Amino acid sequence: MSASAPPLPAAVLTSTPPPQIPTRSAQLYWLNVPPRGHLGDVRPLPPGNRVWQASPMPTPAADRARYDRATAHLDAPLAVVDMEAFEDNARDLVRRAGGKPIRVASKSVRCRALLEAVLAMDGFAGIMGFTLAESLWLARAGFDDVLLAYPSADRSGFAELACDPKPAASVTVMVDDPAQLDLVDASRAGGREEIRVCLELDTSLRMLGGRIRIGALRSPLRTAEQVAELASAVVRRPGFRLVGLMAYEGHIAGVGDAVPGRPVYSRAIRLMQATARRELAVRRAEVVAAVRSVADLEFVNGGGTGSVQHTAAEDAVTEIAAGSGLYQPRLFDNYTSYRARPAALFAQPVVRRPGVGVVTVLGGGYPASGAAGAHRLPVPHLPEGLRYDPQEGPGEVQTPLLGSAADDLLIGDKVWFRHAKAGELCERFDSLHLIEGDRVRESVPTYRGEGRTFL
């Protein structure tokens, strides 16, 4: 670095780093991991172990060296998927599901090639989509079992669905209100294909007579009577066929219970989730029994990456939904129930060295959706020891990074980041470079790379 480079203000150089997520150590993993692409034996861990873990965790330095070698011929910004980690994570999900099939949440992947890859593995069956346009696109691409996990108001999409037997046989739409059935009928444009329907159950935990509510604001259907009433309405209505029930427990599956530096909060989350699991298991069984008295169901879907083994233990559930655990983004680090390997990363190039202990990379301001906060920001991952400038954070066009590790970085070097969420990373990049060992096996388009931006 030039001796004439002006020093940064002391307040910036001495900023206290935020608590770091501890490095995952290699412990509690199964032996004799089969070759990639094969799930092999799915034996449970020995009794007494609380944490499921995909495989031994490589050291961060080894990962960084491997990613740098594999992408040496590529200019950053770029995004990669470590296929060894991706496949290890897939095997771990299957082990935790205990023999029940896993429906892959496409919003957490957003890459057709990787959806095809994971569905080719034993233990996975079907896709959980997020818009009707995406579901139709996937059905036309050959995916023959797509559950649209959210209600839609896409009238042109419903017209296409009602007029074409191929997607009508492959796509199941979500309903939690009779008005949604009215919208479908009003959109048919003469199409007479039968529409496959799934109902959604509200999974939120309610206490003190409903004055306290924990969980996502999703379906208005909460009781067995409410769900059975709508089920009967679907069965009676021409042009629709009730095939499934879904209950996504986001407050259990999507909330970490071991947050670094927050022991009291973490204990409270564990208590809440244990209470919610017990309440939901009883209520879900009652709802499933009530709906099955009205119609034969092809599937009952539940779960999420953070609660796979708990939901799979319920007899009423026939399949599990998961997706984020394949890429293992930052928000899914802090769980006591499982550990997985970061598989999806993005790299930004060092373009400036403003002073001692500081580098600036191009871009990087890719926050995740949800309630705003520092936990929604990408995290500088490799090399270790970098942190954001608290006055700037990750920027739209450039991002300063602080820490002693900055002094070892040169102009053009790559800094590797992890996104806070899974599939949203793919909205920033046209392609994913699939790393195997220390080489790029192939580069595949994301949804964005195929010209698809569904939301």
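For the sequence shown, the UniProt record's numbering gives the first residue as 1, with consecutive numbering after it.
C-beta: ideal position from N, C-alpha, C; glycine also.
The structure presented is a predicted model; accordingly, all values stated were derived computationally and were not measured.
Check	Outcome
Local Cβ density within 10 Å of TYR447, reported as buried at 16 or more and exposed below that	buried
The beta strand (DSSP E) enclosing GLN348, as first and last residue numbers	344-355
Backbone CA spacing between LEU132 and GLY250 [nearest angstrom]	21 Å
Burial state of ARG218, where buried means 16 or more other Cβ atoms lie within 10 Å	buried
Cβ contact (3+ pairs, closer than 8 Å) linking the stretch 133-141 and the stretch 355-373	no
Span separating the alpha-carbon of ALA343 from that of LEU434	10 Å
Pair within 9 Å by beta-carbon distance, VAL109 and ALA340	no
Alpha carbon of GLU436 to alpha carbon of PRO58, nearest angstrom	14 Å
Distance, SER266 Cα to PRO349 Cα	36 Å
For ASP202, the three-state DSSP class (helix, strand or coil)	coil
Neighbour-count burial assignment, ARG330, 16 or more Cβ in a 10 Å radius	buried
Residue 460 (DSSP reduced to helix, strand or coil)	The first residue shown for the chain is 1 and the last is 455, placing residue 460 beyond what the model contains.
CB contact check: THR336 to chain C, cutoff 9 Å	Absence of chain C from the displayed structure is noted, only one protein chain being present.
CB contact flag (TYR338, VAL308, <9 Å)	yes
Closer than 8 Å: ARG428 CB and nearest the ligand NAP heavy atom	The model depicted lacks the ligand NAP and carries no ligand whatsoever.
Straight-line Cα distance separating PRO367 from TYR388	13 Å
Assigned secondary structure, PHE240 (DSSP; H/G/I helix, E/B strand, else coil)	strand
Three-state secondary structure (DSSP) of SER431	strand
Local Cβ density within 10 Å of VAL184, reported as buried at 16 or more and exposed below that	buried
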